[in-house]
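Numbering (our numbering), first residue to last: 187 to 541.
Yeah, the Cβ is synthetic: ideal placement off N, Cα and C, and Gly gets one too.
First the structure, in the form of structure tokens, and then the observations on it.
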């Protein structure tokens, strides 16, 4: 199902279970907001359930318990599920029906689909849910599609994004030519959440300067380039040990001709910090002491502490050795070095298992 088709359902008295998947988080939130307003225009009384630290059996039971509660106002009930741990949904290639945890979850979802007073939205993130491709969906998505309706939120085409950007500037009483709108996409990337922030920044800047037209120079002056954004996301994926996401971002960085030396630098920085935090944890330091010693912000220190606590000192030492070897190879070559980084990411994912 496309987002547009889901939007048409919202206008009706819909019910059932829907799985949101794909890269475009902005559109997911947009349609979720539409659904909330349709169900209860005056008050958001939706129920949110986090799947973090829950098996699929526990999650399925929790959703059932909430959906089975009597509705006090007789309105449609909206249940939003997020942070599902899909590692519990692993499917044996030879015995696809062997996963009892997944089977119980599917039975709950199948029953929930018949509740005519309940809408359940299972919101996934691309780095944690493998949907496969449009032509070849993953085995997990294939199975889930038998008991729910899935909505694919793929990235919008540049042509559609350009029109969308132009409409948003018009809402701010600003003019932006198709050429400028396309330049914004080239400069900032295709992520709609990012583009929304950049449009807001640009609008404020242009209006503050007493003008009514956005120019390419405004974009270069105010906006963050796609390379800066991708480097940040790439470092986060490396830090969280999310190889699939890291490879996806690396592919985009290759397309935008990001320098391999800079990419390598971000990988080395993450592992240097992980090794430092691991050493401090082994020395018995707690989070406040680690923040004081490293100078990290609290949120950053929490991420590093959480990740480092799950890794071994030997594994991190091996990872740093691999990074050093790859860095030397990149600096000694004048040709395309992305293959070196590809191989490095594969090897780094294997160091997680060293104990």
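Hey, how far is the Cα of residue i from the Cα of residue j?
| i | j | result |
| --- | --- | --- |
| residue 566 | residue 508 | Residue 566 is absent from the structure shown; the chain starts at 187 and stops at 541. |
| residue 245 | residue 295 | 10 Å |
| residue 195 | residue 213 | 15 Å |
| residue 417 | residue 455 | 12 Å |
| residue 579 | residue 219 | Look at the range of the chain in this structure, 187 to 541, and you will see that residue 579 is not part of it. |
| residue 266 | residue 518 | 51 Å |
| residue 466 | residue 273 | 30 Å |
| residue 452 | residue 409 | 22 Å |
| residue 495 | residue 472 | 12 Å |
| residue 340 | residue 411 | 22 Å |
| residue 457 | residue 537 | 12 Å |
| residue 193 | residue 264 | 16 Å |
| residue 372 | residue 379 | 15 Å |
| residue 391 | residue 352 | 16 Å |
| residue 285 | residue 297 | 19 Å |
| residue 210 | residue 469 | 42 Å |
| residue 477 | residue 356 | 45 Å |
| residue 424 | residue 532 | 11 Å |
| residue 191 | residue 445 | 41 Å |
| residue 382 | residue 375 | 11 Å |
| residue 237 | residue 398 | 47 Å |
Within the continuous beta strand (DSSP E) that includes residue i, where are the two ends?
| i | result |
| --- | --- |
| residue 206 | 202 to 207 |
| residue 268 | 263 to 268 |
| residue 309 | 304 to 309 |
According to DSSP, is residue i part of a helix, a strand, or is it coil?
| i | result |
| --- | --- |
| residue 379 | helix |
| residue 234 | strand |
| residue 337 | strand |
| residue 316 | coil |
| residue 190 | helix |
| residue 256 | coil |
| residue 491 | helix |
| residue 361 | strand |
| residue 399 | strand |
| residue 251 | helix |
| residue 280 | Residue confidence is low: residue 280 scores 48 on pLDDT, short of 50, so the model does not pin down where it sits. Its coordinate-derived value is still stated next. Residue 280 falls in the coil class under three-state DSSP. |
So residue i and residue j are supposed to be a Cβ contact under 8 Å. How far apart are they, rounded?
| i | j | result |
| --- | --- | --- |
| residue 464 | residue 489 | Contact doesn't hold; Cβ gap of about 13 Å is too wide. |
| residue 460 | residue 502 | 6 Å |
| residue 261 | residue 307 | With 8 Å as the limit, residue 261 and residue 307 do not qualify as a contact, their Cβ atoms being about 16 Å apart. |
| residue 200 | residue 305 | 6 Å |
Starting from residue i, trace the alpha helix (DSSP H) both ways and give me its first and last residue.
| i | result |
| --- | --- |
| residue 510 | 499 to 517 |
| residue 225 | 211 to 225 |
| residue 286 | 286 to 298 |
| residue 373 | 364 to 374 |
| residue 478 | 473 to 480 |
| residue 446 | 446 to 468 |
| residue 526 | 524 to 537 |
| residue 329 | 325 to 330 |
| residue 432 | 429 to 441 |
Using a Cβ-Cβ cut-off of 9 Å, state whether residue i counts as contacting chain B.
| i | result |
| --- | --- |
| residue 311 | The chain labelled as chain B is not found in the depicted structure, where only one protein chain is given. |
(request) Flag this pair as touching only if the segment 416 to 434 and the segment 309 to 321 have three or more C-beta atom pairs under 8 Å; answer yes or no. (result) Enough Cβ pairs lie closer than 8 Å, so yes.
(message) Under 8 Å: do the segment 356 to 373 and the segment 225 to 237 share three or more Cβ pairs, one atom per stretch?
(response) Touching, no.
(message) Using 8 Å as the cut-off, can you tell me whether the segment 443 to 451 makes contact with the segment 328 to 335, which would need three or more C-beta pairs spanning the two stretches below that distance?
(response) Result no; under three Cβ-Cβ pairs closer than 8 Å.
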